[in-house]
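Asker: Going down the list, the protein sequences come from chains A and B.
Numbering-wise (the numbering used here), the first sequence opens with residue 27 and increments by one.
Numbering-wise (the numbering used here), the second sequence opens with residue 11 and increments by one.
No residue lacks a Cβ here, since even glycine has one placed at the ideal position from N, Cα and C.
The structure displayed is predicted, hence computed values, not measured ones.
Have a look at this one.
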Amino acid sequence: LVTAWTDTPTKWYPLPIAVGALLLVAIQYRKKAARAEKEVMVDEDGNEVIKLKGPWQVHVIGALPLRNMSRLWGYLNSLELPVWFRPYGFRLYAFAFGCNLEEIEIEDLTRYRSLGDFFYRKLKAGARPVDNAVIVSPADGTILHFGTIENLRVEQVKGITYSLDALLGVEHADPQSPQSPSSTVVEFPNDELSAVAHQEFANVNGIEYSLDQLLGTSQSSTSGTNTPTSTTAPSPFKHAQDSDTDRPAVPRKHGESFDASVEQEGQLQDTLAHDASVAREMGMRPALERKRSTSGTSVREGNSLFFTVIYLAPGDYHRFHSPTAWVVEKRRHFVGELFSVSPYMAKRLQNLFVLNERVALLGRWRYGFFGMVPVGATNVGSIKINFDKALRTNERGRPPPPGTYTEAVYSAASPLLNGQPLAPAEEMGGFCLG
Amino acid sequence: STIVLVFEAPKSFEFAIQAGQKVKVGNRLGDV
Numbered sequence: 027l028v029t030a031w032t033d034t035p036t037k038w039y040p041l042p043i044a045v046g047a048l049l050l051v052a053i054q055y056r057k058k059a060a061r062a063e064k065e066v067m068v069d070e071d072g073n074e075v076i077k078l079k080g081p082w083q084v085h086v087i088g089a090l091p092l093r094n095m096s097r098l099w100g101y102l103n104s105l106e107l108p109v110w111f112r113p114y115g116f117r118l119y120a121f122a123f124g125c126n127l128e129e130i131e132i133e134d135l136t137r138y139r140s141l142g143d144f145f146y147r148k149l150k151a152g153a154r155p156v157d158n159a160v161i162v163s164p165a166d167g168t169i170l171h172f173g174t175i176e177n178l179r180v181e182q183v184k185g186i187t188y189s190l191d192a193l194l195g196v197e198h199a200d201p202q203s204p205q206s207p208s209s210t211v212v213e214f215p216n217d218e219l220s221a222v223a224h225q226e227f228a229n230v231n232g233i234e235y236s237l238d239q240l241l242g243t244s245q246s247s248t249s250g251t252n253t254p255t256s257t258t259a260p261s262p263f264k265h266a267q268d269s270d271t272d273r274p275a276v277p278r279k280h281g282e283s284f285d286a287s288v289e290q291e292g293q294l295q296d297t298l299a300h301d302a303s304v305a306r307e308m309g310m311r312p313a314l315e316r317k318r319s320t321s322g323t324s325v326r327e328g329n330s331l332f333f334t335v336i337y338l339a340p341g342d343y344h345r346f347h348s349p350t351a352w353v354v355e356k357r358r359h360f361v362g363e364l365f366s367v368s369p370y371m372a373k374r375l376q377n378l379f380v381l382n383e384r385v386a387l388l389g390r391w392r393y394g395f396f397g398m399v400p401v402g403a404t405n406v407g408s409i410k411i412n413f414d415k416a417l418r419t420n421e422r423g424r425p426p427p428p429g430t431y432t433e434a435v436y437s438a439a440s441p442l443l444n445g446q447p448l449a450p451a452e453e454m455g456g457f458c459l460g
Numbered sequence: 011s012t013i014v015l016v017f018e019a020p021k022s023f024e025f026a027i028q029a030g031q032k033v034k035v036g037n038r039l040g041d042v
């Protein structure tokens, strides 16, 4: 080798013109392809057309029946395991994925019937202390990215962005228009509640509660016979643990009137106290704030739009909680693909978070717009929202075009806040296997 | 699975996290 390296004479030949031309063509092709990857295509309405973009590995994965695989995965993991096997199996899983078995609510592992059941485990009350910052982590996981949103583009990873409108959906003035996405507005009307929400008082069983009363500044009622219960906020996490999502259902159910029984009245008062507590934490007069837009695309002067992306790895606790005191006004369910959302894919697949199935929860907090978007993945395609029993994700069938969503409005969920109020760290829902 | 938060806040808002950092429910993400 040494002799060949040192003694072989170097001879230079001119490249044939054809080879040079081919080289130039190849360079131009690569440049064009790179430009096409970055180009944003828009439809006739100016909305971005979401397409699968990325290297060949991404296209190979995109050709797989990911949604069917996800449902099969969910089915397999819902199969009941033999009781004797459960402790061994779950301990092995915990060891492999780093789960802390000491913090789970039900420590007897034989009581988890399947891996799916164990995956959606609850934690003991107080297992997660809640910081007093204005915004806290809604889930256990890893911070993938965070920052400010410039020109309505959210950065997925460095250099790759996606449209905020594509992520949250675009508000269309005329949902019947054939050009608009097939949004289905599912209202939960309750005239009485809606009427209350427009005023600064609530009428409960014939007793009028002013917002001042509900917010705790006064304890008297107009009739003088009933007063709201204490508006002291319960420990958020404890509240979530104890209630298992189901806050008193009296004013929450579709079409149900305020004519509640005495037993229900206690629940109702608890609910109103909770709502008032959230309103106080948001630092606002709910009836005055309710008309604010939640499009999320315009901000008040002196404000900016920020974003954070949190990735939940397979072994993590997979329920998510409210990151702040806020009111969810609507949810938009985008049926989509179920790509893996691991950092590997996030670096390669453009528009990953707007291609995948997701539930955009839109509302407001003390500083204006607030949105939270749980995004599904191949192994965890099912998204549960505790206060939205009608939501069904990862259902059989071909997904509609990206950007299409169905919408539910929570205007009747709270007579005070015109939406679903949530306290910091209150449990909101979670991801299930398959 | 992933959770994306998008929110409006005063420009003085500062994140208290780093990319790649592990977080748990209730941990501080940022403050004004």
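#1: Could you tell me the alpha carbon to alpha carbon distance between A/Asn-377 and A/Thr-32, rounded to whole angstroms?
#2: Confirm, please, whether the CB-CB distance from B/Glu-18 to A/Val-385 is below 8 Å.
#3: Is the separation between the beta-carbon of A/Asn-382 and that of A/Gly-362 shorter than 8 Å?
#4: What residues from chain B crowd round A/Ala-165, counting only those whose CB sits closer than 7 Å?
#5: Flag A/Ser-330 as yes if its beta-carbon sits less than 8 Å from any beta-carbon of chain B, otherwise no.
#6: Could you tell me which residues DSSP puts in a beta bridge with A/Arg-358?
#7: Could you tell me the distance, in whole angstroms, from the CA atom of B/Thr-12 to the CA atom of A/Val-162?
#8: Tell me whether A/Val-28 is buried or exposed, calling it buried when 16 or more other Cβ atoms sit within 10 Å of its Cβ.
#9: Are the beta-carbon atoms of A/Ala-372 and A/Gly-167 separated by less than 8 Å?
#10: Restricting to runs no shorter than 4 residues, where is the alpha helix (DSSP H) found entirely within the stretch 58–128 of chain A?
#11: Have a look at A/Gln-182 and A/Leu-375 and give me their C-alpha separation to the nearest angstrom.
#12: Per DSSP, which one or two residues make a beta bridge with B/Gly-40?
#13: Can you grab the Cα-Cα spacing for the pair A/Ala-44 / A/Leu-50, in whole Å?
#14: Cβ closer than 9 Å: which chain B residues qualify as neighbours of A/Pro-400?
#15: What does DSSP give as the partner residues of A/Ser-189 in its beta bridges?
#16: Could you check the C-alpha separation between A/Val-406 and A/Tyr-55 for me, to the nearest Å?
#17: For a contact defined as C-beta to C-beta under 9 Å, what are the partners of A/Val-406 on chain D?
#18: Any beta carbon of chain B sitting closer than 8 Å to that of A/Thr-187?
#19: Under 8 Å between beta-carbons, which chain B residues line up against A/Val-304? List them in chain order, please.
#20: Specify the secondary structure class of A/Glu-307 as computed by DSSP and reduced to three states.
#21: Would you mind giving the Cβ-Cβ distance between A/Ala-434 and A/Asp-414, rounded to the nearest angstrom? I have them listed as a contact below 8 Å.
#22: Rounding to the nearest angstrom, what Cα-Cα distance links A/Asn-103 and A/Trp-352 in this structure?
#23: Buried or exposed for A/Ala-275, please, with buried defined as at least 16 other CB atoms from any protein chain shown within 10 angstroms of its CB.
#24: Tell me which residues of the stretch 135–160 of chain A have at least one Cβ-Cβ distance to chain B shorter than 7 Å, keeping chain order.
#25: Return the CA-CA distance between A/Gly-445 and A/Arg-390, expressed in angstroms with no decimal places.
#26: Report the neighbours of A/Tyr-393 on chain B: residues whose CB is nearer than 9 Å to its CB, in chain order.
#27: When you compare each of A/Tyr-114, A/Gln-83, A/Tyr-146, A/Leu-78 to A/Lys-410 by their alpha carbons, which one comes out closest?
Answerer: From the atom records:
#1: Their backbone Cα atoms lie some 53 Å apart in a straight line.
#2: Note that the C-beta distance between A/Val-385 and B/Glu-18 is not below 8 Å.
#3: It is a contact, given that the beta carbons lie within the stated cut-off.
#4: Those are Ile-13, Val-35, listed as they occur along chain B.
#5: Closer than 8 Å to some Cβ of chain B, the Cβ of A/Ser-330 qualifies, so yes.
#6: In the DSSP output, where bridge partners are listed per residue, A/Arg-358 has A/Ala-386, A/Glu-433.
#7: In this structure, the CA atom of B/Thr-12 is about 16 Å from the CA atom of A/Val-162.
#8: It is exposed - the Cβ of A/Val-28 has fewer than 16 other Cβ atoms within 10 Å.
#9: The answer is no: Cβ separation not under 8 Å.
#10: Entirely contained in the stretch 58–128 of chain A, the alpha helix (DSSP H) runs reaching 4 residues are, in chain order, 82–88, 92–104, 112–123.
#11: Their backbone Cα atoms lie some 9 Å apart in a straight line.
#12: B/Gly-40 has A/Ile-161, B/Phe-25 as its beta-bridge partners, per DSSP.
#13: Between A/Ala-44 and A/Leu-50, the C-alpha separation is close to 10 Å.
#14: In chain order: Ser-11, Thr-12, Ile-13, Val-14.
#15: DSSP links A/Ser-189 through a beta bridge to A/Arg-179.
#16: Cα-Cα distance, rounded: 38 Å.
#17: In the structure shown, chain D does not exist; the protein chains are A and B.
#18: For A/Thr-187, no CB of chain B lies under 8 Å from its own CB, so it is not counted at the interface with that chain.
#19: Here the premise fails: no neighbours, minimum Cβ distance about 16 Å.
#20: Here A/Glu-307 sits in helix by DSSP.
#21: Their Cβ separation, rounded to whole angstroms, is 6 Å, which keeps A/Ala-434 and A/Asp-414 in contact under 8 Å.
#22: Distance between the alpha carbons of A/Asn-103 and A/Trp-352 is about 34 Å.
#23: Note that A/Ala-275 has pLDDT 31, beneath the 50 cutoff, so the model's placement of it is unreliable and the number below is only indicative. In this structure A/Ala-275 is exposed. Its beta-carbon is surrounded by fewer than 16 other beta-carbon atoms within 10 angstroms.
#24: Cβ proximity to chain B below 7 Å picks out Arg-154, Pro-155, Val-156, Asp-157, Ala-159, Val-160 from the stretch 135–160 of chain A.
#25: Taking the straight line from one Cα to the other gives about 9 Å.
#26: Here the neighbours are Phe-17, Glu-18, Ala-19, Pro-20, Phe-23, Val-42.
#27: For A/Lys-410, the closest of A/Tyr-114, A/Gln-83, A/Tyr-146, A/Leu-78 by C-alpha to C-alpha distance is A/Tyr-146.
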